[in-house]
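Mapped onto our numbering, the consecutive letters of the sequence shown carry residue numbers 457 to 885. Just so you know, even glycine gets a beta-carbon here, dropped at the ideal spot from N, CA and C. For clarity, every value in this text was computed on a predicted model and none was experimentally measured.
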Amino acid sequence: MDERQRAVCAAVDALASEMVETLQAFIRVPTVNPPGEAYEDFVALAKGLLDGLGYATEVVRVPDELLPTLAPLGEGLPRPNLLARLAGPAGPGFRLHINGHYDVVPAGHDWTRDPFGGELIDGRIYGRGACDMKSGLVAQIYAVEALRRAGVDWAGEVTHSFVPDEETVGNRNAGTGFLVEQGVISRENTDGVIITEPFGLDGIGVGHKGALWGAFTLYGRQAHGSAPHLGVNAVELAARFLCRAESELKPQLRQRRTDLLLATPGTETATLSFDTIEGGVATNVIPDRCTVTFNRRLVPPETLDQARQELFDLLEALRVEEPRLRWSYEERYATPPTLVDEQQPLAQAAARAIREMGMTPRVMISAGSHDQRFVVHGAGITNSILYGPASNDTSHQSDEYITVEELVTGTKVLALILLEVLQPARASG
Ligand SMILES: [Zn+2]
Numbered sequence: 457m458d459e460r461q462r463a464v465c466a467a468v469d470a471l472a473s474e475m476v477e478t479l480q481a482f483i484r485v486p487t488v489n490p491p492g493e494a495y496e497d498f499v500a501l502a503k504g505l506l507d508g509l510g511y512a513t514e515v516v517r518v519p520d521e522l523l524p525t526l527a528p529l530g531e532g533l534p535r536p537n538l539l540a541r542l543a544g545p546a547g548p549g550f551r552l553h554i555n556g557h558y559d560v561v562p563a564g565h566d567w568t569r570d571p572f573g574g575e576l577i578d579g580r581i582y583g584r585g586a587c588d589m590k591s592g593l594v595a596q597i598y599a600v601e602a603l604r605r606a607g608v609d610w611a612g613e614v615t616h617s618f619v620p621d622e623e624t625v626g627n628r629n630a631g632t633g634f635l636v637e638q639g640v641i642s643r644e645n646t647d648g649v650i651i652t653e654p655f656g657l658d659g660i661g662v663g664h665k666g667a668l669w670g671a672f673t674l675y676g677r678q679a680h681g682s683a684p685h686l687g688v689n690a691v692e693l694a695a696r697f698l699c700r701a702e703s704e705l706k707p708q709l710r711q712r713r714t715d716l717l718l719a720t721p722g723t724e725t726a727t728l729s730f731d732t733i734e735g736g737v738a739t740n741v742i743p744d745r746c747t748v749t750f751n752r753r754l755v756p757p758e759t760l761d762q763a764r765q766e767l768f769d770l771l772e773a774l775r776v777e778e779p780r781l782r783w784s785y786e787e788r789y790a791t792p793p794t795l796v797d798e799q800q801p802l803a804q805a806a807a808r809a810i811r812e813m814g815m816t817p818r819v820m821i822s823a824g825s826h827d828q829r830f831v832v833h834g835a836g837i838t839n840s841i842l843y844g845p846a847s848n849d850t851s852h853q854s855d856e857y858i859t860v861e862e863l864v865t866g867t868k869v870l871a872l873i874l875l876e877v878l879q880p881a882r883a884s885g
């Protein structure tokens with residue numbers, strides 16, 4: 457490490473107790489999504505902090521008339537996005553956007569700690585969002601703060617966005633998706649994006665698997681249960697559809713394996729699962745409709761069109777056997793795989809920063825989708841990575857926590873990335 461890097465890391469150490477207190481305060485606001493509770497409280501808290509640190513802040517709210525579309529599970533509750541901008545003292549340069557979501561999944565059961573207590577016990581901070589990803593928000597604030605407290609010169613500008621609704625996906629959404637649609641995050645105003653989702657202290661996220669969720673309804677014909685031959689049994693047709701998927705499609709999907717490292721080991725192949733099934737009205741009525749929902753995950757370079765067509769083909773093959781079958785399809789969520797080149801400047805800067813901290817960087821994608829899909833497919837910004845302080849181990853689980861050490865180390869890595877990309881251009885002459 458050089459002198460500037462050491463100064464910045466020392467500044468993070470000096471900020472550690474402030475960071476812990478901020479994370480505790482963030483966890484104590486229960487921003488549970490769905491439906492999206494206490495969002496305004498959280499944004500007011502974060503805005504107050506960033507105002508105090510000298511940022512120009514702005515709250516961008518989704519207009520009421522768009523709420524049913526952008527936040528269908530939101531029960532009409534407000535969807536505020538917080539933006540905070542700060543320019544470096546050394547003049548224009550790299551325009552970095554740092555994004556994190558402040559919503560958390562519901563606490564669920566089996567907690568031995570208060571999920572919204574932010575308790576600090578034996579070096580661990582507990583609570584829903586400790587990993588995913590209020591610690592990321594804390595890290596992005598204090599990484600910038602460390603540069604300032606260390607007194608190092610930096611150029612360009614940093615824009616933070618604290619967004620809602622990452623956890624409820626959606627082809628469009630009220631958080632990062634809305635900011636991209638509005639042009640708040642665009643290729644014209646942004647040179648690179650870091651999303652502070654947790655991929656482990658040595659992990660650099662460069663994408664995610666694709667996802668296709670939908671429902672098929674199979675239609676037959678009702679008849680008296682004592683005379684099945686007079687009807688067309690939609691439940692039995694659905695069973696045949698699932699069996700075909702099991703024997704014909706799934707073996708193919710298991711062969712489609714990506715060589716990329718997955719954040720969750722074992723998720724390297726394309727997958728398909730059928731998750732709900734609903735059909736029939738009574739045991740003495742041959743059912744005339746049956747609906748099954750599915751969840752298909754795609755590995756690069758699979759496409760959504762291909763994934764849909766493979767399912768349609770199974771149903772059409774079944775129709776050859778039973779021409780009276782009719783079916784319809786309703787799509788609920790679709791995102792293609794996202795993958796950026798690990799040679800992009802931010803990914804390279806992150807790899808160097810992780811090495812500076814004595815670790816070996818691991819470049820990976822996640823099985824689940826995240827907001828990078830909007831940044832890459834919507835805004836067209838490929839210089840984008842995910843780096844956050846937490847190890848992913850307890851996200852979405854009971855007794856979710858992050859250690860103080862992880863929070864501090866992850867913030868140092870982030871600060872070192874910033875130090876590199878926000879470096880002032882060398883004075884000419
Ligand atoms: Zn997350």
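At a cut-off of 7 Å, the beta-carbon of residue 622 counts as near ligand 1: some heavy atom of the ligand is closer than that. The continuous alpha helix (DSSP H) containing residue 591 extends over residues 590-605.
Bridge pairing for residue 840: 649 [DSSP]. For the pair residue 845 and residue 652, the Cα-to-Cα distance works out to about 8 Å.
Contact between the stretch 490-509 and the stretch 464-471 is absent: fewer than 3 CB-CB pairs across the two stretches fall below 8 Å.
With a 10 Å radius around the Cβ and a threshold of 16 neighbouring Cβ atoms, residue 457 comes out exposed.
One Cα belongs to residue 552, the other to residue 696, and the distance between them is close to 52 Å.
According to the DSSP assignment, residue 730 belongs to the beta strand (DSSP E) that extends over 727-735. In the assembly as shown, residue 619 is a buried residue. Its beta-carbon has 16 or more other beta-carbons within 10 Å.
At a cut-off of 7 Å, the beta-carbon of residue 588 counts as near ligand 1: some heavy atom of the ligand is closer than that. Closest option to residue 636, judged by alpha-carbon separation, among 579, 763 and 831: 831. Sequence-distant Cβ neighbours of residue 472 in its own chain, meaning closer than 6 Å and more than five residues away, are 864. Within the model, the alpha-carbon separation for residue 617 versus residue 596 is close to 10 Å.
When DSSP assignments are scanned along the stretch 488-570, the uninterrupted stretches of alpha helix (DSSP H) that are 4 or more residues long and fall wholly within it turn out to be 495-508 and 523-526. Burial state of residue 686 is exposed, judged by a 10 Å Cβ sphere holding fewer than 16 other Cβ atoms. Beta bridge pairing from DSSP links residue 669 with 751 and 789. The beta carbons of residue 542 and residue 644 sit about 19 Å from each other, so the pair does not count as a contact at 8 Å.
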